[in-house]
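Contents: one structure, followed by commentary.
Numbering (my numbering), first residue to last: 7 to 286.
See the structure below:
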């Protein structure tokens, strides 16, 4: 469904008050599809396998253990979509705790993941040797990637539009639109995604990112109201689904979500990324 189809669906379900907010409640993304391959060109985008790193780059660790390599994105491979704020060139590498003991629900989880960035693709990239101490369950099969634009919807439009008059009946009607928006075949495949709204399994994650990065764990804290004002500054960077073909399983059929404040994204400060794990 495109934005014109969204407007039609809102009208047909009695949600005309949302039509003027279609830009806020929908967001472009890149859906990631994977394919098995016998070889990958050095520097090409991938999930799993081995990262291609510049010489002298240390394999990220946490608590004395090597992290799992999750993904490598050659940014020049990506089709242009609006409002991602991603650089058009360079490379990103994503890592995560190989023991899967950090879920992004504690401030002390910081460091359990790493996002590395090179502004220009280094000419000296080489496949990085997998550390001997990286457990087998923390290693994944390599898959080549292709990307296709896909429009995503917020699951809770009242979070995107401050002061929106919203009832339980409105939400039920919107849930119908949301369901119509989903492609059944696409939903059956692993939902790997760059940018856009996430495929949320539990609650909205943006306030959690805001609280954890400010060291606030108590939802009743008086700081939460102020933090809430900037929760929507967080933008999805990468979503990685459970994918049995790769050997990735996050909790009980869950997902990894890498988040970054939009200002940090504009400034290419990828070290400010916060990760959240959700599962069923």
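The beta-carbon is built from N, C-alpha and C at its ideal position, and this holds for glycine as well.
Of the residues the options, the one placed nearest residue i, counting alpha carbons only
i           : options               : result
residue 102 : 188, 219, 157 and 144 : 144
residue 68  : 157, 256, 88 and 117  : 117
residue 146 : 178, 107, 77 and 196  : 77
residue 29  : 18, 171, 8 and 131    : 8
residue 253 : 27, 38 and 149        : 149
residue 39  : 200, 95, 162 and 128  : 200
residue 120 : 81, 74, 93 and 20     : 74
residue 151 : 37, 278, 241 and 109  : 37
residue 251 : 27, 34 and 42         : 42
residue 206 : 235, 225, 233 and 246 : 246
residue 106 : 222, 115 and 132      : 115
Where residue i sits in the DSSP three-state scheme
i           : result
residue 254 : strand
residue 184 : helix
residue 276 : helix
residue 176 : helix
residue 156 : strand
residue 87  : coil
residue 222 : coil
residue 281 : strand
residue 118 : coil
residue 97  : strand
Exposure label - residue i; buried when at least 16 CB within 10 Å
i           : result
residue 126 : exposed
residue 268 : exposed
residue 70  : exposed
residue 85  : exposed
residue 202 : buried
residue 158 : buried
Contact belief for residue i with residue j at Cβ below 8 angstroms, rounded distance in angstroms
i           : j           : result
residue 56  : residue 134 : 6 angstroms
residue 83  : residue 153 : 7 angstroms
residue 266 : residue 276 : 7 angstroms
Cβ of residue i within 8 angstroms of any chain C Cβ
i           : result
residue 232 : Annotation note: the requested chain C is absent from the structure, which comprises a single protein chain.
Measuring CB atoms only, is the stretch 166-176 touching the stretch 216-223, in the sense that at least three cross pairs come out at less than 8 angstroms? Put simply, the stretch 166-176 does not touch the stretch 216-223. Fewer than three CB pairs are less than 8 angstroms apart.
Stretch-stretch touch, CB-based, cutoff 8 angstroms, three pairs: the stretch 173-192 with the stretch 18-26: Short answer: they touch.
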